[in-house]
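First the structure, in the form of C-alpha cells, and then the observations on it.
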Amino acid sequence: MLLKKKKSKGEAEVPSSSLADIAFLLLIFFLVVTTIDVDTGIGLVLPPLSDEPPPPIRERNMLKILVNNQGLILVNESPAALRDVKDLVIRFVDNNGVDEELSDSPQMAIVSIKTDRNTPYDIYIDMLDEVMGAYRELRDAEARVRGFRSYEQYKMYVDERGLEDEIREMYPQKISEAEPDPGA
C-alpha cells in the first residue's frame, strides 16, 4: 500500500502590507495619549558672582518688600495689597529724587524682596510678577514716548540695528532677593 505523502506547503506567511499602517497608527496613538512633563520655573538671568563687595546703598534707594508665611505684604514696613505693589514700585523707581522718601533715580533704585521660608509659592510668584510688571510698564511708557507701540517693538528695532538699549539703561531692573531669616 502506497501512502500518499503530503506536500509541505512551507511556512505560513504573514501579510506585511498593513504592518506599516499599524505601526503608524500606534505611533499616533501614543503621541496623542502620552503627556510630556514641561519644566516650569522662573525665567531670570542672574548676574555673575562678583568678588568685589557691593557698593553702599542709600536707604532711600531701596524699596523693601516683605512677604510673611501667610502671604501678608509689607512695603517699607507698611501693609500693602498685592494689587498695589506694581503702582508702589513704579512710583518708587520713577521718582527721580522728587519725594525724599523714594529713590534718587531709576538707575539707583533697588527693589528688595524678602520672604519667609513658609511663604506660599504662588504669592511669591505673584509678587515677582507685580515687580517685573512695574518695570515692563515703565519701559513701555518710555518706548511710547519715543514713538513705539511697546518696549518689545523698541527692543526689536534696537536689536536689528545693533544700537544700544537706552530704555533698559534708563530703567535697569534691579531686583534683590534677600535670604529668609534662619529662624523663620
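The numbers in numbering that gives the first Met the number 0 rise by one with no breaks, and the one at position 133 of the sequence shown is 132.
C-beta: ideal position from N, C-alpha, C; glycine also.
Practice problem: Return the residue from the list Gln69, Asp83, Val88, Leu62 that minimises the CA-CA distance to Glu76. | Solution: Taking the sequence shown and counting its residues from 1, the one referred to as residue 76 is at position 77. Taking only the C-alpha atoms, the option nearest Glu76 is Leu62.
Self-check item: CB contact flag (Gly70, Ile21, <9 angstroms)
Solution: To locate residue 70, count along the sequence shown from 1; it is residue 71. To locate residue 21, count along the sequence shown from 1; it is residue 22. Their beta carbons are not under 9 angstroms apart, which means Gly70 does not touch Ile21 by this criterion.
Practice problem: For Glu141, count neighbouring Cβ atoms within 10 angstroms of its own Cβ and tell me buried if that reaches 16, exposed if not. | Solution: As a first step, residue 141 is located in the sequence shown; it is residue number 142 there, counting from the start. So Glu141 counts as buried.
Quiz item: According to DSSP, is Ala108 helix, strand or coil?
Solution: As a position in the sequence shown, residue 108 is number 109, starting the count at 1. Of the three classes helix, strand and coil, the one that applies to Ala108 here is coil, per DSSP.
Quiz prompt | Helix, strand or coil at Glu176 according to DSSP, with G and I counted as helix | solution = As a working mapping, residue 176 is identified with position 177 in the sequence shown. Strand, per DSSP.
Self-check item: For Ala133 and Leu127, the rounded distance between their alpha carbons
Solution: On the sequence shown, residue 127 is found 128 positions in, with the first residue counted as 1. On the sequence shown, residue 133 is found 134 positions in, with the first residue counted as 1. Spanning the two alpha carbons is a distance of roughly 10 angstroms.
Quiz item: Exposed or buried, what is Asn94 when buried is set at 16 or more other beta-carbons lying within 10 Å of its beta-carbon?
Solution: The sequence position of residue 94 within the sequence shown is 95, counting from 1. Per the 10 Å Cβ criterion, buried.
Practice problem: Go to Ala133, then tell me how far its alpha helix (DSSP H) extends in each direction, as first and last residue. | Solution: Along the sequence shown, read from residue 1 onward, the residue named residue 133 stands at position 134. Counting along the chain, the alpha helix (DSSP H) containing Ala133 begins and ends at 120-144.
Practice problem: Taking only the alpha-carbon atoms, compute the straight-line gap between Asp86 and Glu165 and give it to the nearest angstrom. | Solution: Looking up residue 86 in the sequence shown gives position 87. Looking up residue 165 in the sequence shown gives position 166. In a straight line, the C-alpha of Asp86 is about 23 angstroms away from that of Glu165.
Quiz item: Between the beta-carbon of Asn117 and the beta-carbon of Asn68, is there less than 9 angstroms?
Solution: As a first step, residue 117 is located in the sequence shown; it is residue number 118 there, counting from the start. As a first step, residue 68 is located in the sequence shown; it is residue number 69 there, counting from the start. Taking 9 angstroms as the Cβ cut-off, Asn117 and Asn68 qualify as a contacting pair.
Practice problem: State the Cα-Cα distance for the pair Ala183 and Thr34, rounded to the nearest angstrom. | Solution: As a first step, residue 183 is located in the sequence shown; it is residue number 184 there, counting from the start. As a first step, residue 34 is located in the sequence shown; it is residue number 35 there, counting from the start. Low confidence applies to Ala183: its pLDDT is 48, below 50, so where it sits in the model is not reliable enough to give any reading.
Quiz item: What residue ranges within the region 51-116 form continuous beta strand (DSSP E) runs of no fewer than 3 residues, ordered along the chain?
Solution: 61-66, 72-74, 77-79, 109-114
Quiz item: Which residue's Cα is closest to the Cα of Gly138: Pro171, Glu12, Glu178, Met155?
Solution: On the sequence shown, position 139 is the one that residue 138 refers to. Gly is not the amino acid found at residue 138; the sequence shown has Arg there. Of the listed residues, the one whose Cα sits closest to Arg138 is Pro171.
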